[in-house]
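Trainee:
Chains as they are written, first to last, in the working numbering: chain H, 4 to 469; chain E, 4 to 469.
Following this line, the structure appears as structure tokens:
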């Protein structure tokens, strides 16, 4: 009996894919590497359009251009899905210095955090208190914080191999630092950039004031890692030094924007949807090449690569370029709401939003049964050095699509360099390697091909969305 | 009996390493990522010394500086091993253009290949014949080649995931093109740069004339990929265009240089040697950061990391910085000769000479039995996303150490970007990422630690060198 079970298991395993799958996947990789479009598209998006903060003119240009490019691919349907998005503008460049005594100053590199209020027009100058966590605020108390600028300086943990974990371990300082510090009378916050490297680029990113009343909100900015080290050192030498900064960013009214969607209608199961996507908006400092121009162009190329390799999908394959991931997640929320309203059965969704680096694997948000299915496909990816299949998160934009049976996944590229560029002015096209980007597009296409061919295991028809 | 065997196999597998190995390896990675020296050292080697072609003043400065740095580490022994090396000099910068008609020229980017002779002082101008392989020369014959410059333009294969295989499939054009073309009366050769990317950097590298008599040797140069495309297109439009280039490189007499060696003497088996190394010489165009400053600094850091993490090796661990890999392999040859002469039992050698990128795994040149041993250690590397353990080559410098029982290995970093920089003027420090380099150093240290602890399996005492 045991031997029979063993044999049975072997047979089931060997049936998880066929030799022709390996051949088709090789064709997908060959096509992406020798005749891919993701890099050429990214060149246009980054260098001809540029940074695409939600509600900006560039974001609208990116919407129109990607729609036109998708139309050129001869998809069955291309459309824009309207969504109201948050609009925050940076205004004139920020300015900051450390003042050791009146008239003696050292300029430092800062940028306003997304969602922050401005300083008053003449800027703000105050003493500084350095902390390493939000919890430390309570220990210090109002007495030591009131009237000061709180300087959050906990660095990312260098020893974590997955740099996103190091980011996750620090980003509360950026997201919640201001709303917590204000409770103790802080007049502003300065946050060490979320960057593992020592350099001169300040990294922006979203922060939120929670339920802090509008008139009590304090300005919040990121400082480059080099200047965070400088400020910390100078504070150790003299705790009386002052910090000055000026920023005139503001939150405007919500404006209309769009998710960009294209689809190849399924030939056998058109009502089963597989989506692949990234977010089209970016921060304004660089041109958003890695975050997330790369993921968008790869997602567009997934549909093109399916067509180029002669695959006629059985299920409906959609590319979705989500708007407003960076500072609102309105696009992802809207897409999921509409999908639910229309009763669209999204069996699989894949997001690429971790940079255009060499693909190392995927993380999956799904049941154990579905995870076992995908593990059966792992050998198909090993010739391409894609080894990493783990349960874990998928992507912010597709997360609202989760049901109790579908599969969400995130592409996991090599993460070592990502935070050198993330949300900073050096996130530009020259930091993207063509082959690495194209390998990512091929890896995504291969997984979409397999889900299209085999479906999720087992297909259930009772939809229960979160 | 089958069950018993199965159980036995399980036990053997679980005995290939212990929990404490996992803890020590974590400490090695943590130390390299938070307190590594490889990046700081590489900064000095690249930016304070620079390109280190064998026989150059910079090569000698690199020898002295690395010896001093090794001495600072408190090793048991540091010394220089004399070796006579080849000395080739580039002379003044090369110059080249395509001439469409007299007086109408377009400048292009070339560089002399290492080992090439000069053109005559006024340069050489001739018609061009494009070929895609050495075999094609025979098909064309003397009639179509005589008096012309042969332009080898077979590109690297974009579809190969391992870019070293793509390099291997093209490099005969560079290495042997001139000595073959001269047989058909060619007056010079121009070779498309070994680069997967289209850009403006010509890539040098070794070529050899074989037994071509000195007075019949023809000059040979590399052209950038962009200019190879340009030249090919222009030839299609008009096969009568001419190509002009001038170079005044030359081969000088051999000069004295050194391998730089440091060791920690083994506490239990001092006569069993484990070596780790890279090559200290580089081409002259860039500063040799990836090729192979990275591998040298990582190798030095292996010994430092062992000390930092409190490991007292049982066997003798040596770092060897080999001289003259690029155009002679004299250092590797000399080291192996001396090791054999002294009867030194080299059980394991590891080379890092594939760039300072994210480590993906190792290749091993060893018996199946020894390969099974190392496969048993694979789970220890998976937390660091090092998944790739394959039989294959090791490294050019350590290759002469092969015996019928020892293990040679090569670190295999991600190879996608390597040929963007290889042997070109953009192989500079800024192209190296600190974390990627440090992960490589840690990965090497972990493998050296395991071989030191467990030895090669089984240790044989009868030395048979190749």
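Don't be surprised by glycine CBs; every beta carbon is placed ideally from N, CA and C. Everything numeric in this text was worked out from a predicted model, so none of it was measured.
(1) Given a limit of 8 Å on CB to CB distance, which residues of the stretch 335-352 of chain E reach chain H?
(2) Express the C-alpha separation of residue 285 of chain H and residue 177 of chain H in angstroms, rounding to a whole number.
(3) Mind checking which residues open and close the alpha helix (DSSP H) that includes residue 57 of chain H?
(4) What span of residues does the beta strand (DSSP E) with residue 257 of chain E cover, start to end?
(5) Could you name each continuous alpha helix (DSSP H) segment of 4 residues or more that falls completely within the stretch 401-433 of chain E, going from the start of the chain to the end?
(6) Around the Cβ of residue 44 of chain E, are there at least 16 other Cβ atoms within 10 angstroms (buried) or fewer (exposed)?
(7) DSSP three-state call for residue 167 of chain H: helix, strand or coil?
(8) Let me know the alpha helix (DSSP H) ranges lying completely inside the stretch 326-378 of chain H, each 4 residues or longer, listed in chain order.
(9) Residue 430 of chain E: which of E:448, E:339, E:357 sits nearest, CA to CA?
(10) Leaving out the 5 sequence neighbours to the left and right, which residues in its chain are closer than 7 Å to residue 85 of chain E when beta-carbon positions are compared?
(11) Taking all protein chains shown into account, decide if residue 372 of chain E is buried (16 or more other Cβ within 10 angstroms of its Cβ) or exposed.
(12) Closest by CA to residue 98 of chain H, which one among H:122, H:33, H:441, H:188?
(13) Taking the continuous beta strand (DSSP E) assigned at residue 110 of chain H, which residues delimit it?
(14) Identify whether residue 195 of chain H lies in helix, strand or coil by the three-state DSSP scheme.
(15) Given that residue 439 of chain H touches chain E, what residues does it touch there, using C-beta distances under 8 Å?
(16) Beta-carbon within less than 6 Å of residue 220 of chain H's beta-carbon, same chain only, minus the 5 sequence neighbours each way: which residues are those?
(17) Please list, in chain order, all residues of the same chain as residue 455 of chain H whose beta carbon is under 7 Å from its beta carbon, the five residues on each side excluded.
(18) What span of residues does the alpha helix (DSSP H) with residue 162 of chain E cover, start to end?
(19) Quick one: list the residues of chain H neighbouring residue 164 of chain E, beta-carbon separation under 8 Å, in chain order.
(20) Taking the Cβ atom as the reference point for each residue, do residue 90 of chain H and residue 254 of chain H lie within a distance shorter than 9 Å?
(21) What residue does the alpha helix (DSSP H) around residue 31 of chain H start on, and which one ends it?
(22) For residue 226 of chain E and residue 125 of chain E, I'd like the C-alpha separation in whole angstroms.
(23) Grab me the residues of residue 59 of chain H's own chain with a C-beta within less than 6 Å of its C-beta, minus the 5 sequence neighbours each way, in chain order.
(24) Please classify residue 135 of chain E as buried or exposed, where buried requires at least 16 neighbouring CB atoms within 10 angstroms.
(25) Alpha carbon to alpha carbon, what distance is there between residue 183 of chain H and residue 200 of chain H?
(26) Any contact of the stretch 411-427 of chain E with the stretch 154-171 of chain E, i.e. 3+ C-beta pairs under 8 Å?
(27) With three or more C-beta pairs closer than 8 Å as the rule, is the stretch 60-73 of chain E touching the stretch 328-342 of chain E?
(28) Out of E:298, E:64, E:30, point me to the one whose CA is closest to residue 440 of chain E's CA.
(29) In angstroms, rounded to a whole number, what distance separates the CA positions of residue 209 of chain E and residue 49 of chain E?
(30) Checking the sheet assignment: what are the DSSP bridge partners for residue 319 of chain E?
(31) Relative to the alpha-carbon of residue 410 of chain E, which residue among E:376, E:391, E:424, E:427 has its alpha-carbon at the smallest distance?
(32) Check whether the stretch 107-115 of chain H and the stretch 296-315 of chain H are in contact - that is, three or more C-beta pairs closer than 8 Å.
(33) Could you please give me the residues that DSSP links to residue 104 of chain E through a beta bridge?
(34) Out of E:281, E:438, E:361, E:394, point me to the one whose CA is closest to residue 401 of chain E's CA.
(35) Measuring only the C-alpha atoms, how far is residue 399 of chain E from residue 131 of chain E?
(36) Mark residue 22 of chain H as exposed unless 16 or more other C-beta atoms lie within 10 angstroms of its C-beta, in which case mark it buried.
Mentor: Per the coordinate set shown:
(1) none
(2) 17 Å
(3) First-last for residue 57 of chain H: undefined, no H or E at that position.
(4) 253-267
(5) 421-424
(6) buried
(7) helix
(8) 333-344, 371-378
(9) E:357
(10) 259, 261
(11) exposed
(12) H:122
(13) 107-110
(14) strand
(15) 419, 420
(16) 120, 212
(17) 277, 316, 317, 318, 320
(18) Per DSSP, residue 162 of chain E belongs to no alpha helix (DSSP H) and is neither H nor E.
(19) 32, 386, 387, 388, 442
(20) yes
(21) 22-38
(22) 19 Å
(23) none
(24) exposed
(25) 27 Å
(26) yes
(27) no
(28) E:298
(29) 21 Å
(30) E:276
(31) E:376
(32) no
(33) E:107
(34) E:281
(35) 35 Å
(36) exposed
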